[in-house]
Amino acid sequence: MSSKVKRTYASRSDQFKTDTPTSLSSPFSSASSGKRKWPFDELHSQVASAKRVKGSNSKPKSKQKTLKQLHFCIDQSTVRTCTACKLTYTKGAEDDEALHRAHCARVQRGMEWGKEEERDKASAGVKEIPNRVKLKDGKKGRVICVDATVGGKIGSKLSTLLETINVALSASALSPEALRASKAYLFLLPAITPNKEKIVGCILAQRIENAMMIASPSSYGSENDATPSSRPLVTVDDSSGLFCYPELLPTALGISRIFVTSAQRRKGIASCLLSAAARTFVHGCVLDPKDGQIAFSQTTGDGLALMRNWGQGGVRIYDEDHC
Ligand SMILES: CC(C)(COP(=O)(O)OP(=O)(O)OC[C@H]1O[C@@H](n2cnc3c(N)ncnc32)[C@H](O)[C@@H]1OP(=O)(O)O)[C@@H](O)C(=O)NCCC(=O)NCCS
Ligand SMILES: [Zn+2]
1 MSSKVKRTYA SRSDQFKTDT PTSLSSPFSS ASSGKRKWPF DELHSQVASA KRVKGSNSKP
61 KSKQKTLKQL HFCIDQSTVR TCTACKLTYT KGAEDDEALH RAHCARVQRG MEWGKEEERD
121 KASAGVKEIP NRVKLKDGKK GRVICVDATV GGKIGSKLST LLETINVALS ASALSPEALR
181 ASKAYLFLLP AITPNKEKIV GCILAQRIEN AMMIASPSSY GSENDATPSS RPLVTVDDSS
241 GLFCYPELLP TALGISRIFV TSAQRRKGIA SCLLSAAART FVHGCVLDPK DGQIAFSQTT
301 GDGLALMRNW GQGGVRIYDE DHC
């Protein structure tokens, strides 16, 4: 599983290097600069060393400079967590607010796929997955596929999309090695603006070696248990009761990221992307999730529900850092 990080844009630590109370409470600076010394800490150490000097000083008390107790008021009300995208940002800090607005729009409505992307499509090796797709609400979209390490304009768009997905899932960035073994499948829906589309769904599919079979916790340990191993189960997610048999079984395809914009969920987009990857990832060979040929690495509540529905219980679990 990938290690968890905070849902913030952590690369912007430098902008908060003022001594204002806002900078002290900024979740962005705290996420990015774990080892940085807070002005707050510095004040404490100054007071502490002043106290040490006081203790060892032989000068008469009357000449001692009186130390005043300072109180910092950290206004927690400036820290907000958006209910729509779950991002934590500092209200009133312009850069934070702008980053949040952009992230929130991408999470809810998706990024644009326009003329420039269409123009660069051939050189970037973008493949159209045949069949226009009709969603549950009647709208028609299409699926395209591209190598995850693609460069140019499409590459930078994909990087922003993956960064958005990582923040939304509280996941770390994938290693360059994992990206080299991955393809991105994107679901495009016509936008309101003519000749433009929105990327409303994305999955990252990667070639893997092996994965673990999901165990049924209700049957584990009972007489009916068909456990293929006598070794203890691997706990994937305690809260949702997701356990795996520890054996690593040969598995062809791993899904490391899956995301659908919040405005377009429960219309069949994720299932459609997964089926497209199962059909086309390995040239000339259709993979079947029911036969355990596909595994997931991330397991959110929504993702589990999707995995169980789409894979009919056959989807496996893999570790994206060691596969
Ligand atoms: C998980 C996610 C990708 C599902 O995308 P989606 O396009 O809405 O999924 P689909 O419409 O293809 O769902 C197919 C079926 O899966 C199940 N399912 C999917 N999302 C579910 C949810 N939130 N709650 C319950 N069941 C769900 C349902 O059985 C659904 O069929 P139904 O709508 O007819 O009941 C989307 O909710 C999402 O992006 N969530 C945030 C990111 C995330 O958690 N990613 C998963 C990482 S493992
Ligand atoms: Zn938001």
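Mapped onto full-length UniProt numbering, the consecutive letters of the sequence shown carry residue numbers 1 to 323.
For every residue, glycine included, the Cβ atom is placed at its ideal position computed from N, Cα and C.
Values in this document were obtained by computation on a predicted structure and should not be read as measured data.
Check, Outcome
"Proximity test, R265 beta-carbon vs ligand 1 heavy atom, cut-off 7 Å", "yes"
"Cβ neighbour criterion (16 or more within 10 Å) applied to residue 336", "Past the boundaries of the shown model lies residue 336; the chain is included only from 1 to 323, so the question cannot be answered."
"For review: beta carbons within less than 6 Å of any heavy atom in ligand 2", "C82, A84, C85, L87, H100 and C104"
"Integer-rounded CB distance, given that I199 should sit under 8 Å from W310", "Not quite, the Cβ-Cβ distance comes to about 20 Å (not below 8 Å), so this is no contact."
"Heavy atom of ligand 1 within 7 Å of S271 beta-carbon", "yes"
"Beta carbon of A211 nearer than 8 Å to that of F243", "no"
"From S262, L67, T300 and A278, residue whose alpha carbon lies closest to that of D291", "A278"
"L67 - DSSP class collapsed to helix/strand/coil", "coil"
"For L204, three-class secondary structure by DSSP", "strand"
"Buried versus exposed, by CB contacts within 10 Å (16 or more), R266", "exposed"
"Cβ neighbour criterion (16 or more within 10 Å) applied to D137", "exposed"
"Beta-bridge pairing of A263 - partner residues as DSSP gives them", "A263 pairs with nothing; no bridge assigned."
"Nearest to P246 (by Cα), restricted to the options A84, T81, Y318 and K68", "Y318"
"Contact under 8 Å by Cβ, L189 with E197", "yes"
"DSSP three-state assignment for N166, whether helix, strand or coil", "helix"
"Where T251 sits in the DSSP three-state scheme", "coil"
"Segment limits, beta strand (DSSP E) that includes V236", "V234 to D237"
"DSSP state of R132 mapped onto helix, strand, coil", "strand"
"Boundaries of the beta strand (DSSP E) in which S182 is found, first to last residue", "S182 to P190"
"F243 Cβ short of 7 Å to ligand 1 heavy atom set", "no"
"Distance cut-off 7 Å: T299 Cβ against heavy atoms of ligand 1", "yes"
"Stretch-stretch touch, CB-based, cutoff 8 Å, three pairs: the segment 164-171 with the segment 98-117", "yes"
"Cα-Cα separation between C202 and M111, rounded to whole angstroms", "11 Å"
"Touching by the beta-carbon criterion (3+ pairs, under 8 Å), the segment 296-308 and the segment 139-159", "no"
"As assigned by DSSP and simplified to three states, the class of Q293", "coil"
"Contacts around S271, its chain only, beta-carbon distance under 6 Å, and the 5 residues preceding and following it disregarded", "W310"
"Cβ-heavy atom distance, A168 to ligand 1, below 7 Å", "yes"
"Proximal residues to K139 (C-beta, below 7 Å), its chain only, five neighbours per side dropped", "L189"
"Given H103 as reference, the closest of T300, K68 and Y89 once Cα atoms are compared", "Y89"
"Continuous beta strand (DSSP E) assignments of at least 3 residues falling wholly in the segment 87-159", "88-90, 111-113, 127-134 and 140-147"
"Alpha helix (DSSP H) segment containing T83, residue limits", "T83 -> no alpha helix (DSSP H), and no H or E assigned at all."
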